[in-house]
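Visitor:
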Amino acid sequence: EADIYQTPRYLVIGTGKKITLECSQTMGHDKMYWYQQDPGMELHLIHYSYGVNSTEKGDLSSESTVSRIRTEHFPLTLESARPSHTSQYLCASSGGAGVSYNEQFFGPGTRLTVL
Amino acid sequence: AQRVTQPEKLLSVFKGAPVELKCNYSYSGSPELFWYVQYSRQRLQLLLRHISRESIKGFTADLNKGETSFHLKKPFAQEEDSAMYYCAPLSINAGGTSYGKLTFGQGTILTVHP
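One line per chain: the protein sequences are A and B, in this order.
If you use the working numbering, the first sequence corresponds to residues 141 to 255, in order.
If you use the working numbering, the second sequence corresponds to residues 607 to 720, in order.
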């Protein structure tokens, strides 16, 4: 079934740890995105990719990095987590056919807490 | 840079009352706009897109280029409409490319009381 997956769903980790948030999609989409969202607040685009080996920074500056080695996979990495990184991270993809071309499909999110 | 404004952070109505969630954008050219909805403990999902001129779950949204608005309306609100709603125009850079990027508004939390 076509879907977009994020793991882990919840992560509690100590300051200074390296973490990787996984995002995979079986939608066949070429574009993928990472957003940061605090509860009940707006979404901020932190990274996007329009294809394999392309990554760009979004509108909100982030200390995280991303890679896009495979079409379906778009992991986000924090080399050294800090409490200020505590947030919800949403992954999305787009690139469907016809009127759905620019529609973004979202994963369930990863809620990260850094102690 | 494009901006999108949803002036109401919170909106409360009673069941059966009409509801309008406001969205204003600053944009040059012909925008492509979306409304997204996030129900409690569910994923963010598309509610409707303006190019389809559709009605989803009784909601409609009309693009008013003169007022640069894309308000979301429903004549009779239901309790299950309680959710967070985001207006999101497609972002176009100076070169006319979007890469499918959306700019999300601040969101409006709609509560429909019984």
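We put the beta carbon where it would ideally sit given N, CA and C, even for glycine.
None of the values given here were measured: they were computed from a predicted structure.
Is there a Cβ from chain A that is less than 8 Å from the Cβ of G713(B)?
Guide: Stepping through the second sequence from its first residue, residue 713(B) is reached at position 107. It does; some Cβ of chain A falls within 8 Å.
Visitor: Ordered along the chain, which non-local residues of its own chain (more than five positions away) have a Cβ less than 7 Å from that of I662(B)?
Guide: Stepping through the second sequence from its first residue, residue 662(B) is reached at position 56. So the qualifying residues of the chain are L653 and L654.
Visitor: On a CA-only basis, which of E162(A), G198(A), A221(A) and G154(A) is nearest P248(A)? Give me that one, please.
Guide: By one-based count along the first sequence, residue 248(A) stands at place 108. Among E162(A), G198(A), A221(A) and G154(A), the Cα nearest to that of P248(A) belongs to E162(A).
Visitor: Mind listing the chain B neighbours of G247(A)? Cutoff is C-beta to C-beta under 8 Å, in chain order.
Guide: Taking the first sequence and counting its residues from 1, one reaches residue 247(A) at position 107. Near G247(A) (Cβ distances below 8 Å), the residues of chain B are R649.
Visitor: Classify Q687(B) as buried or exposed, calling it buried when 16 or more other Cβ atoms lie within 10 Å of its own Cβ.
Guide: For this step, residue 687(B) is matched to residue 81 along the second sequence. Going by the sequence as given, residue 687(B) is Asp instead of Gln. Buried, since its Cβ has 16 or more Cβ neighbours within 10 Å.
Visitor: In the structure shown, what three-state DSSP assignment does S658(B) receive?
Guide: Against the second sequence, residue 658(B) aligns to sequence position 52. Here S658(B) sits in helix by DSSP.
Visitor: Which residues of chain A have a Cβ atom closer than 8 Å to the Cβ of G702(B), listed in chain order?
Guide: Along the second sequence, one-based indexing puts residue 702(B) at 96. The premise fails here: G702(B) is roughly 14 Å from chain A at the closest Cβ pair, so nothing lies under 8 Å.
Visitor: Can you look up H169(A) in the DSSP assignment and give me helix, strand or coil?
Guide: Residue 169(A) sits at position 29 when you count from the first residue of the first sequence. Here H169(A) sits in coil by DSSP.
Visitor: Using a Cβ-Cβ cut-off of 7 Å (strictly less than) and excluding sequence neighbours within five positions of P148(A), which residues of its own chain qualify?
Guide: Position 8 of the first sequence holds residue 148(A). Cβ within range, chain order: T250.
Visitor: Using the DSSP secondary-structure output, state which residues sit across from V192(A) in a beta bridge.
Guide: For the purposes of this step, residue 192(A) is identified with residue 52 of the first sequence, where counting begins at 1. V192(A) is not bridged to any residue.
Visitor: Check the Cβ of F710(B) against every Cβ in chain A and list those closer than 7 Å, keeping chain order.
Guide: Reading the second sequence from its first residue, position 104 is the one you call residue 710(B). Simply E182 and L183.
Visitor: If contact means a Cβ-Cβ distance below 7 Å, which residues of the stretch 654 to 669 of chain B contact chain A?
Guide: Within the stretch 654 to 669 of chain B, the residues whose Cβ lies closer than 7 Å to some Cβ of chain A are R655, I657 and S658, listed in chain order.
Visitor: Would you say N193(A) reaches chain B, if we count a Cβ-Cβ gap shorter than 8 Å as a contact?
Guide: Residue 193(A) sits at position 53 when you count from the first residue of the first sequence. So, not an interface residue.
Visitor: Just the C-alpha distance for N195(A) and H187(A), rounded to the nearest angstrom, thanks.
Guide: Working through the first sequence from its first residue, we reach residue 195(A) at position 55. Working through the first sequence from its first residue, we reach residue 187(A) at position 47. For the record, residue 195(A) in the displayed sequence is Thr; it is not Asn. Taking the straight line joining both Cα atoms gives about 7 Å.
Visitor: Please identify the residue among T714(B), P637(B), Q651(B) and A667(B) whose C-alpha is closest to the C-alpha of G180(A).
Guide: The count along the first sequence starts at 1 and reaches residue 180(A) at position 40. Ranking the options by Cα distance to G180(A), first place goes to T714(B).
Visitor: Quick check on G242(A): buried or exposed, where buried means 16 or more other Cβ atoms within 10 Å of its Cβ?
Guide: For the purposes of this step, residue 242(A) is taken as the residue at position 102 of the first sequence. According to the sequence as given, residue 242(A) is Asn; it is not Gly. Answer is buried; the Cβ neighbour count reaches 16.
Visitor: Name the residue from F682(B), P637(B) and M690(B) whose alpha carbon lies nearest to the alpha carbon of D668(B).
Guide: If you number the second sequence from 1, residue 668(B) lands on position 62. The residue with the shortest Cα to Cα distance from D668(B) is P637(B).
Visitor: Do E685(B) and K621(B) have their CB atoms nearer than 8 Å?
Guide: The residue given as residue 685(B) occupies position 79 in the second sequence. The residue given as residue 621(B) occupies position 15 in the second sequence. Against a cut-off of 8 Å, the Cβ pair of K621(B) and E685(B) comes out as a contact.
Visitor: Quick one: is Y145(A) near chain B, going by C-beta distance under 8 Å?
Guide: The residue you call residue 145(A) lines up with position 5 of the first sequence. Closer than 8 Å: no.
Visitor: Whose C-beta lies closer than 8 Å to the C-beta of I209(A) among residues of the same chain, with five residues either side of it excluded?
Guide: In the first sequence, counting from the first residue as 1, residue 209(A) sits at position 69. Counting only Cβ-Cβ distances below 8 Å, and skipping sequence neighbours, we find V192 and N193.
Visitor: Could you give the residue range of the beta strand (DSSP E) that holds F640(B)?
Guide: Position 34 of the second sequence holds residue 640(B). Its beta strand (DSSP E) spans residues L639 to Q644.
Visitor: Looking only at DSSP bridge pairs, what is T611(B) linked to?
Guide: Mapped onto the second sequence, residue 611(B) falls at position 5. DSSP, once it has assigned bridges, lists N630(B) as partnering T611(B).
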